[in-house]
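Peer 1: Quick one: structure below, then a few questions.
Number of protein chains: 4
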Amino acid sequence: MLQAICARDGAKAKAFAEQWGYASVETDWKKLIARKDIDLIDIASPNNTHAEMAMAAAAAGKMILCEKPLAMNGAQAETMVKAVEKAKVPNMVWYNYRRVPAVTLAKQLIDEGRLGRIFHYRAKFLQDWTISKDLPQGGAGLWRLDVKVAGSGVTGDLLAHCIDTALWLNGPIDKVTAMTETFIKERKHTISGKVEKVGIDDASAFLARFSNGSMATFESTRYARGHKALYTFEINGEHASIFWDLHDLHRLQYFDHRDEGIVRGWRALHITDGDHPYMKHWWVPGLQIGYEHTFIHQVADFLQGLQDGKPAGPSFRDGLATDHVTDAVLQSAKSGRWEKVKQVRKK
Amino acid sequence: MLQAICARDGAKAKAFAEQWGYASVETDWKKLIARKDIDLIDIASPNNTHAEMAMAAAAAGKMILCEKPLAMNGAQAETMVKAVEKAKVPNMVWYNYRRVPAVTLAKQLIDEGRLGRIFHYRAKFLQDWTISKDLPQGGAGLWRLDVKVAGSGVTGDLLAHCIDTALWLNGPIDKVTAMTETFIKERKHTISGKVEKVGIDDASAFLARFSNGSMATFESTRYARGHKALYTFEINGEHASIFWDLHDLHRLQYFDHRDEGIVRGWRALHITDGDHPYMKHWWVPGLQIGYEHTFIHQVADFLQGLQDGKPAGPSFRDGLATDHVTDAVLQSAKSGRWEKVKQVRKK
Amino acid sequence: MLQAICARDGAKAKAFAEQWGYASVETDWKKLIARKDIDLIDIASPNNTHAEMAMAAAAAGKMILCEKPLAMNGAQAETMVKAVEKAKVPNMVWYNYRRVPAVTLAKQLIDEGRLGRIFHYRAKFLQDWTISKDLPQGGAGLWRLDVKVAGSGVTGDLLAHCIDTALWLNGPIDKVTAMTETFIKERKHTISGKVEKVGIDDASAFLARFSNGSMATFESTRYARGHKALYTFEINGEHASIFWDLHDLHRLQYFDHRDEGIVRGWRALHITDGDHPYMKHWWVPGLQIGYEHTFIHQVADFLQGLQDGKPAGPSFRDGLATDHVTDAVLQSAKSGRWEKVKQVRKK
Amino acid sequence: MLQAICARDGAKAKAFAEQWGYASVETDWKKLIARKDIDLIDIASPNNTHAEMAMAAAAAGKMILCEKPLAMNGAQAETMVKAVEKAKVPNMVWYNYRRVPAVTLAKQLIDEGRLGRIFHYRAKFLQDWTISKDLPQGGAGLWRLDVKVAGSGVTGDLLAHCIDTALWLNGPIDKVTAMTETFIKERKHTISGKVEKVGIDDASAFLARFSNGSMATFESTRYARGHKALYTFEINGEHASIFWDLHDLHRLQYFDHRDEGIVRGWRALHITDGDHPYMKHWWVPGLQIGYEHTFIHQVADFLQGLQDGKPAGPSFRDGLATDHVTDAVLQSAKSGRWEKVKQVRKK
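From first to last, the protein sequence lines are chains F, V, D and P. Oh and the first sequence: position 170 is 170 in the numbering used here, straight run, nothing missing. In the numbering used here, each number is its position in the second sequence, counted from 1, plus 1000. In the numbering used here, each number is its position in the third sequence, counted from 1, plus 2000. In the numbering used here, each number is its position in the fourth sequence, counted from 1, plus 3000.
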């Protein structure tokens, strides 16, 4: 049941509720959390509001789904983890790419040991929507360019997705060395109306070592002309390799060295068959689902987890792990040195 | 409002209604059509039932959406067109590929004259799900292999899609020469329990002439190992060419000879931008929608058409035009000769 | 040893000989054939000269390599076959695509029975270089547009390549139904200086039945905007399928249904490994050879065949088989009927 | 004229000379250099021999072509540059990828200013041929694994190619931070017959800053399962982007944001037209050349440069610039810090 939608602008909230079938409207999130008829809070507001809302929701005993990145930084995320774990409320972060069927299959192939020892991981998330100097910062849709609201730029926005997937598929990252850049130094702020310094990172890249000994390169930017949302990752193992590309959402490229030599090659797996992850619930083979269904899958897994008593991830604890990596990345970009990543104990 | 679902098996219908939120259940389609609270009938039953249901629904003044192919053959389809036009009820056939944003954009580019004089059209729809000799015919999910229920095999099932798109994009087809084949001659029938002759065409290919002088090749089969639902079409014009592939749902390949020579090449258009057809209603650029949204678009256009007084196609009349082509294809496969296609007057 | 180059224009012939290292020059091909120091004649002149030259060369006991198509038509080709077989001179036609390593590998995979029963063959050869109305016919480089010199248009020029490969890979073709078109009806003739009727086919498509029961579609054109030399073929068998594309020269796409379900997909084989056909003589894996090496491979196989006493194909007899198919295609395009293909006995 | 081939094994050298048409054989390279009938020395021996040979050849007034990397390190390369510049002998290093027509076109498009301000450069060179633990080090073909002979592993072998292209296309690199790894720590040495420590880097990755302000990621490895020789680079500019892939040798991917919005997309340029670099000397459009022709182009440019008095690059000075970058990479991998790259003055 969609009980209530909450937003500061009551008129907009009402219109939204009517369009999507929410039963009621709130303009004060604290009132929402205080309501007895609410079991679960879904936090979809800007990054600088996650912590306060989540702490309050946890204190009120609500289940919580929270947008990524979990917090403005690792320290803040730690308090959130403590809060939800103390309150024992189910919790999840919207790192939805884990639920792309092709990505879920990648996880399955890795867990089955098909790749063998892992040598390399490489990921990038490229966009090109902020190249114009005339694009302002701040305000609706553009808060991602305002460091006070977003915490960071592409590191927390795009790399965070790459990192969550990587930690899930390839285990912990030990250390990183990074480089960031702000190509456009000043932009008009839509709220102040003034030209202000841009505090976010427009682009961010880092080298990393995983605990399993594999090497990695990560990169994200909003200045890669021609790429709208090119998230790709590749993993090279002793026996097999995997490649995935968000712009080719339902294909997984798979190479298995154990194939017979003359017919060995990258296999283009079209992840639309009934025995592929999630796909028995969808269309017949060959007909693909949309990006939005990654969220549907996540909700389904969350609900199934509640029923089974086995919470589905990524939990706040997982979100914290990613925040620790992004903290190290931003710190290294300042220090010019390799930085150790603070580890999160598995629970 | 989803007023009622109708199916012969009441228990299944009830379960379906509960899962998807239909308000009531019927097991006799004639009762459904007789209900006053029903404005629109959506016919999703096997091909041999379309005509009777549609005629009754038209007589009852209902709007009608009908699965493709419209009828068992052109003659039957003609009676359906007469019925809906006499009753003046809005009508539409589920040739949903017109509403793939990339295909809709192809139509737009052609209508703008970007291709110039058209020389070639080629389309194919390849599947591989009936290769096994052990697959039976008849019954749930397998009625497509039973000629008495389906009317024909891939000609009415797959080629019909190719033909509808082609008539829409490139105008009428004048004549065809065709070849069909039934690779597996006998299959067990799930209803009779006996091995029976297979009456459908497993594969079908034809050459065609369009009224605009362009040449065409069409092919469909369920015996193309490796292809789940590979529907592709390509159009070569004097100035530009277009290529689309269902397995790469949201890309349109576009070549424009007027581009500067050294940087001239096929452009891979990723149809996810706000100025692409339908996409201003969906996700941000780079994030794709699913196959199912082609149906959503069709419903949206149908409703918008009702409001504007400009019915959206493909109408029953359009569906009839496709049935005339498939009739000519099947006839030519028998006669071994070029067969003229019966034309449908534009209304 | 490159003994002599022969061309009507002595100055050009001399320049050519100097650039490429031919020992001498002739301007009368009959003198060339009369020379005792010549063992092998390579006929690279326009189609209407092949027969006379080859007959004379055979009579003089020379080995013969001949450009494709072998002759102006099957009847003429038959006389050439008789001549070389009577004279017992080694003979070969330049259907060089058989020696693309990826195509040779396709042959190997088929001969090993990996595909199983063949259901479908489809081939096309698309170009776009004659779309302009201002392009003249006749004369150097443009004799391919002059029917008196070329015999036919794309049927003998491009489809002939597709047919030779198909006969080699999939066996004899029984019958065809075809359609041809001449889009530009008149062009200035460079020799007469007058606007003359265009006698060649600009585009040609046909449906076919192979003796093994498989169905086929073939198409070629010089009016497919965007394609310089897009020769592709695909073969669908019960167990496996193969796809090749001249624009992606060294990749063979291979799908094997016997692969495990969740990791089953089209394999992109990069044909540059030492165990791939011909490649042990070339660069290290990953580094590709050029189109010209298909000719080198053909010469190498010819010489090896001489040494082994097992002549390498395609022989004149093979070239005749292709001419019989193109004859049937051109005949069917006129008659509007299925035409049987005259068969060539294997020798 | 191919005057002489020199190798320590006289029998092999003789066989080589006969196969390829060299007029004579030497087994002592010093004798070769002393010969009066030799104008140009082509050094194709292992890395640790380049300097001594080149210095001697320069002293003897010979023109020199030298395999890459130029030297074991920058210091050694500096002495070579001094020697050839003092002797005023034409000199060139075999960074042949500059002469892939698609790469040369990339240079042309950049020089024409089509990309605008450059934001990003990313390159990688991935192979998988040393994954097996059983592969020995040292000796013929395997000297690349012996640090005493090779100087370094993938950094000097593969990254050097990426760096040379990058310096050519995008200008000087200011600083780098790097990571290297030797996955297999010990291998049998074919010369000593003993298991010895592996001194080379199996994989190497670095972040970089170009002088023009752009950011870069570079990576190379011989442990990327599935990639035989995957060299790719991408450049993102304000207006346009370029992508190239060695496995798709003759395509250049080009995106131009100035294209009209609805038909804007990555253009797949097939670099086989007469107006593309070098291609007017080769086959007709659509028919591609081989990898080896990059060397032909380089020789042609070298000879043309001699004639024109404008030496063609890459010169020893260019090779030195690359060695300075690889030195900084290897140094950073040890120091864990950003390292400045020693700059080479343009001459």
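Quick reminder that beta carbons are idealized off the backbone N, C-alpha and C, glycines included. Since the model is a prediction, treat every value here as computed from it, not as a measurement.
Using a Cβ-Cβ cutoff of 8 angstroms, what residues of the region 286-298 of chain F are near chain V? List them in chain order.
Peer 2: Answer in chain order: Gly286, Leu287, Gln288, Ile289, Gly290, Tyr291, Glu292, His293.
Peer 1: So which residues of chain V does Leu249 (chain F) contact, with C-beta pairs closer than 7 angstroms?
Peer 2: Working through the first sequence from its first residue, we reach residue 249 (chain F) at position 249. Within 7 angstroms Cβ-Cβ: Gln1288.
Peer 1: Starting from Gly1319 (chain V), trace the alpha helix (DSSP H) in both directions and tell me its first and last residue.
Peer 2: For the purposes of this step, residue 1319 (chain V) is taken as the residue at position 319 of the second sequence. Its alpha helix (DSSP H) spans residues 1316-1335.
Peer 1: Using a Cβ-Cβ cutoff of less than 7 angstroms, which residues in the same chain neighbour Trp3029 (chain P) once the five nearest sequence positions on both sides are dropped?
Peer 2: Counting from 1 along the fourth sequence, the entry for residue 3029 (chain P) is found at position 29. Answer for Trp3029 (chain P): Cys3006, Met3053, listed in chain order.
Peer 1: Do you know offhand how far Ala1178 (chain V)'s Cα is from Thr1326 (chain V)'s?
Peer 2: Here residue 1178 (chain V) refers to the residue found at position 178 when the second sequence is read from its first residue. Here residue 1326 (chain V) refers to the residue found at position 326 when the second sequence is read from its first residue. In a straight line, the C-alpha of Ala1178 (chain V) is about 10 angstroms away from that of Thr1326 (chain V).
Peer 1: Taking a cut of 8 angstroms between CB atoms, which residues from the region 1236-1262 of chain V lie near chain C?
Peer 2: Note that chain C does not occur in the displayed structure, where the protein chains are F, V, D and P.
Peer 1: Just list the residues that DSSP pairs Gln2304 (chain D) with in beta bridges.
Peer 2: Here the question's residue 2304 (chain D) lines up with position 304 in the third sequence. DSSP output for Gln2304 (chain D) lists no bridge partner at all.
Peer 1: Under a three-way DSSP split, which group does Glu2292 (chain D) fall into?
Peer 2: Locating residue 2292 (chain D) in the third sequence gives position 292, counting from the first residue. The answer is coil: DSSP assigns Glu2292 (chain D) none of H, G, I, E or B.
Peer 1: Going by DSSP, what residues sit across from Ser204 (chain F) in a beta bridge?
Peer 2: Mapped onto the first sequence, residue 204 (chain F) falls at position 204. Beta-bridge pairing links Ser204 (chain F) to F:Thr180, F:Ser220.
Peer 1: Would you mind telling me which residues of chain V sit closer than 9 angstroms to His270 (chain F), beta carbon to beta carbon, in chain order?
Peer 2: Counted from its first residue, the first sequence places residue 270 (chain F) at position 270. Lys1228, His1247, listed in chain order.
Peer 1: Helix, strand or coil: how does DSSP classify Gly1237 (chain V) here?
Peer 2: In the second sequence, residue 1237 (chain V) corresponds to position 237, counting from 1. Gly1237 (chain V) falls in the strand class under three-state DSSP.
Peer 1: Below 8 angstroms on C-beta distance, what does Asp157 (chain F) contact in chain D?
Peer 2: Position 157 of the first sequence, counting from 1, holds the residue named residue 157 (chain F). Chain D residues near Asp157 (chain F): none, gap ~32 angstroms exceeds 8 angstroms.
Peer 1: Locate the beta strand (DSSP E) running through Met63 (chain F), then write down its first and last residues.
Peer 2: Counting from one through the first sequence, the residue named residue 63 (chain F) turns up at place 63. Its beta strand (DSSP E) spans residues 63-66.
Peer 1: In terms of alpha-carbon separation, which member of F:Leu306, F:Lys346, F:Val81, F:Thr272 lies closest to Ala101 (chain F)?
Peer 2: Within the first sequence, numbered from 1, the residue matching residue 101 (chain F) stands at position 101. In the sequence as presented, Ala is not what sits at residue 101 (chain F); that position holds Pro. Per the Cα distances, F:Thr272.
Peer 1: Kindly indicate which three-state DSSP category Ile242 (chain F) falls into: helix, strand or coil?
Peer 2: Here residue 242 (chain F) refers to the residue found at position 242 when the first sequence is read from its first residue. Three-state DSSP puts Ile242 (chain F) in a strand.
Peer 1: If you reduce the DSSP assignment to three classes, tell me which class Glu1085 (chain V) lands in.
Peer 2: Position 85 of the second sequence, counting from 1, holds the residue named residue 1085 (chain V). Helix, per DSSP.
Peer 1: Between the region 133-149 of chain F and the region 170-190 of chain F, do three or more beta carbon pairs fall short of 8 angstroms?
Peer 2: At 8 angstroms Cβ cutoff, the stretches touch.
Peer 1: Identify each residue in the region 97-112 of chain F for which the Cβ-Cβ distance to at least one residue of chain D is less than 9 angstroms, and report them in chain order.
Peer 2: Result list: Leu105, Gln108, Leu109.
Peer 1: Mind pulling the chain V residues with CB within less than 7 angstroms of Glu2181 (chain D)?
Peer 2: Position 181 of the third sequence, counting from 1, holds the residue named residue 2181 (chain D). Under the 7 angstroms cutoff, chain V gives Met1215.
Peer 1: Measuring CB to CB, does Gly2286 (chain D) end up less than 9 angstroms from Leu3230 (chain P)?
Peer 2: Residue 2286 (chain D) sits at position 286 when you count from the first residue of the third sequence. Residue 3230 (chain P) sits at position 230 when you count from the first residue of the fourth sequence. Yes, Cβ-Cβ distance for Gly2286 (chain D) and Leu3230 (chain P) is below 9 angstroms.
Peer 1: Report buried or exposed for Ala3166 (chain P), applying the criterion of at least 16 other Cβ atoms within 10 angstroms of its Cβ.
Peer 2: Position 166 of the fourth sequence holds residue 3166 (chain P). Classification of Ala3166 (chain P): buried, given that the 10 Å Cβ count is 16 or more.
Peer 1: Give me, in chain order, the residues of the same chain whose beta-carbon lies closer than 6 angstroms to that of Asp3259 (chain P); leave out the 5 immediate sequence neighbours on both sides.
Peer 2: Counted from its first residue, the fourth sequence places residue 3259 (chain P) at position 259. Nothing listed; no residue qualifies.
Peer 1: What is the rounded straight-line gap between the Cα of Ile1161 (chain V) and the Cα of His1120 (chain V)?
Peer 2: As a working note, residue 1161 (chain V) is residue 161 in the second sequence. As a working note, residue 1120 (chain V) is residue 120 in the second sequence. Here residue 1161 (chain V) is His; the residue named in the question, Ile, does not match the sequence. Near 18 angstroms, if we compare the C-alpha coordinates of His1120 (chain V) and His1161 (chain V).
Peer 1: Beta strand (DSSP E) containing Glu3196 (chain P): first to last residue?
Peer 2: Counted from its first residue, the fourth sequence places residue 3196 (chain P) at position 196. Residues 3195-3197.
Peer 1: State the start and end residues of the unbroken alpha helix (DSSP H) segment that holds Lys1342 (chain V).
Peer 2: Here the question's residue 1342 (chain V) lines up with position 342 in the second sequence. No alpha helix (DSSP H) contains Lys1342 (chain V), which DSSP labels as neither H nor E.
Peer 1: From Gly153 (chain F) to Ser335 (chain F), what distance separates their C-alpha atoms?
Peer 2: On the first sequence, position 153 is the one that residue 153 (chain F) refers to. On the first sequence, position 335 is the one that residue 335 (chain F) refers to. One C-alpha to the other measures close to 18 angstroms.
Peer 1: Which chain F residues are close to Trp2266 (chain D), counting only those with a beta carbon under 8 angstroms from its beta carbon?
Peer 2: For this step, residue 2266 (chain D) is matched to residue 266 along the third sequence. Here the neighbours are Arg267, Ala268.
Peer 1: With 16 other CB atoms within 10 Å as the buried threshold, where does Glu112 (chain F) fall?
Peer 2: The count along the first sequence starts at 1 and reaches residue 112 (chain F) at position 112. Per the 10 Å Cβ criterion, exposed.
Peer 1: Of the choices F:Asp42, F:Glu219, F:Gly10, whose alpha-carbon is the least far from that of Ala203 (chain F)?
Peer 2: If you number the first sequence from 1, residue 203 (chain F) lands on position 203. The shortest C-alpha separation from Ala203 (chain F) is found at F:Glu219.
Peer 1: Tell me, which residues are paired with Ala1268 (chain V) by DSSP?
Peer 2: Here the question's residue 1268 (chain V) lines up with position 268 in the second sequence. In the DSSP output, where bridge partners are listed per residue, Ala1268 (chain V) has V:Gln1253, P:Trp3266.
Peer 1: Who are His3276 (chain P)'s beta bridge partners in DSSP?
Peer 2: Sequence index remark: in the fourth sequence, residue 3276 (chain P) carries index 276 (1-based). For His3276 (chain P), which the question treats as bridged, DSSP gives no partner whatsoever.
Peer 1: Return the chain-ordered list of same chain residues with a C-beta closer than 7 angstroms to the C-beta of Gly171 (chain F), the five sequence neighbours on each side being excluded.
Peer 2: In the first sequence, residue 171 (chain F) corresponds to position 171, counting from 1. Taken in chain order, the residues that qualify are Phe210, Ser211, Asn212.
Peer 1: Can you pull the chain F neighbours of Ala3203 (chain P), defined as C-beta to C-beta under 8 angstroms?
Peer 2: By 1-based counting over the fourth sequence, the position of residue 3203 (chain P) is 203. The answer, in chain order, is Phe119, His120, Met215.
Peer 1: Looking at the unbroken beta strand (DSSP E) that takes in Leu1126 (chain V), where does it start and where does it end?
Peer 2: Against the second sequence, residue 1126 (chain V) aligns to sequence position 126. Element bounds for Leu1126 (chain V): 1118-1126.
Peer 1: Would you kindly work out how many angstroms separate the C-alpha atoms of Val2329 (chain D) and Asn2236 (chain D), rounded to a whole number?
Peer 2: Against the third sequence, residue 2329 (chain D) aligns to sequence position 329. Against the third sequence, residue 2236 (chain D) aligns to sequence position 236. C-alpha separation (whole angstroms): 23 angstroms.
Peer 1: Measuring CB atoms only, is the region 3078-3087 of chain P touching the region 3316-3324 of chain P, in the sense that at least three cross pairs come out at less than 8 angstroms?
Peer 2: Because the criterion of three Cβ pairs below 8 angstroms is met, the region 3078-3087 of chain P and the region 3316-3324 of chain P touch.
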